[in-house]
Every structure is written in structure tokens, then in C-alpha cells.
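Quick look at the structure:
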């Protein structure tokens with residue numbers, strides 16, 4: 001892992017952790033870096049003092065580690081056309097979405113592809129009321145809306161801590 005001190009075009013200074021220098025260069029070239037304060041993708045390295053590497057006890061990885069490209073950009077992000085730069089979610093948003101995912105996983109039951117059926121059972125009192133999560137098709141979403149079942153789609157970002 002390598003840590004860089006970064007500065008955005010608006011003057012915000014922050015740290016970024018990367019697998020290696022080539023990963024940082026590739027993310028920067030593809031405009032996949034963003035300022036956690038303002039979200040701008042105009043990010044450059046800022047001057048920093050060198051670090052001395054010695055033998056030290058293992059520490060937990062920092063919370064702001066930038067994972068590989070697949071995790072840095074949501075899987076549903078389309079490929080940009082030539083010359084087009086797509087907006088990238090600021091790191092603070094990705095961190096918040098990861099925290100939402102952890103909270104859901106800790107407090108709700110994963111019913112997988114049975115989500116629509118189980119939500120209907122809960123709605124009609126045929127199953128105990130509880131928090132659930134899972135997957136459903138667009139057709140199933142429309143059916144739940146027609147039945148008056150309350151649900152929320154949540155962007156499911158990859159959890160980099162696992």
C-alpha cells in the first residue's frame with residue numbers, strides 16, 4: 001500500500017491509499033479520483049515528506065483505502081464515449097453507502113431473490129414484520145408498488161473491508 005497526499009483544484013488537501021503507484025496513476029488518468037470535500041475529479045499529488053519504513057506491529061488498514069478500479073466506480077457505470085468524462089461518486093459518498101450496506105446487513109435478513117414474495121407476505125401479515133433485503137426484477141418492483149408495499153432501492157456498493 002502507498003499513501004499519497006492529494007490536493008484538488010479547489011485547494012482541499014486529503015490522503016489517498018493505493019495498491020501501488022501505477023494504480024494511482026491509472027485511476028488519475030481515468031478520472032476515477034475525487035475530492036472527499038467537494039467531489040471534483042481534478043486531483044493532483046501534493047508535496048509530502050517521505051515516510052521511513054521500519055518493522056512495526058501490524059495496524060488495521062485505514063478506512064479511506066481506495067480499492068481497485070471495479071470498486072472505485074460502481075459496476076453499473078457505463079463506459080464513457082471518446083472525450084467524455086463521467087462523474088465519479090466522491091469518496092465520502094462511497095464511504096456512506098458502504099456504511100449503509102453494513103447497517104442493512106447487520107439489522108436485516110437477506111432473503112435473496114425471494115424479496116418480492118417475502119415483502120408481500122409481511123405486507124399482508126402472513127409473515128412476521130421485520131427488515132429484509134434481497135433482489136427483485138423490475139416487474140416485481142412494479143407489482144409491489146401496485147400492492148402498496150413500501151420498499152427502497154439502495155445502491156449496493158462493494159464492501160472493501162471484507
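Residue numbers (UniProt numbering): 1 to 162.
Quick reminder that beta carbons are idealized off the backbone N, C-alpha and C, glycines included.
Given the structure is predicted, the values throughout are model-derived calculations rather than measurements.
Whole-angstrom C-beta distance between residue j and residue i, which should lie under 8 Å
i	j	result
residue 157	residue 98	6 Å
Boundaries of the alpha helix (DSSP H) in which residue i is found, first to last residue
i	result
residue 151	Careful: residue 151 lies outside any alpha helix (DSSP H) and carries neither H nor E.
residue 107	91-107
residue 28	21-29
residue 121	115-123
residue 142	138-147
Minimum C-alpha distance to residue i - residue among the options
i	options	result
residue 130	42, 151, 37, 155	151
residue 127	42, 143, 109	109
residue 6	103, 96, 42	42
residue 35	142, 20, 94, 119	94
residue 22	14, 2, 13	2
residue 102	125, 144, 155	155
Between the CA atoms of residue j and residue i - distance to the nearest angstrom
i	j	result
residue 140	residue 116	6 Å
residue 96	residue 40	17 Å
residue 153	residue 32	24 Å
residue 84	residue 100	Note that residue 84 scores 49 on pLDDT, short of 50, meaning its location in the model is unreliable and no value can be drawn from it.
residue 137	residue 146	14 Å
residue 19	residue 26	11 Å
residue 13	residue 92	14 Å
residue 144	residue 9	45 Å
residue 107	residue 114	18 Å
Distance CB(residue i)-CB(residue j) smaller than 9 Å
i	j	result
residue 24	residue 11	no
residue 45	residue 4	yes
residue 112	residue 134	yes
residue 132	residue 118	yes
Residue i, enclosing beta strand (DSSP E) - first and last residue
i	result
residue 6	2-8
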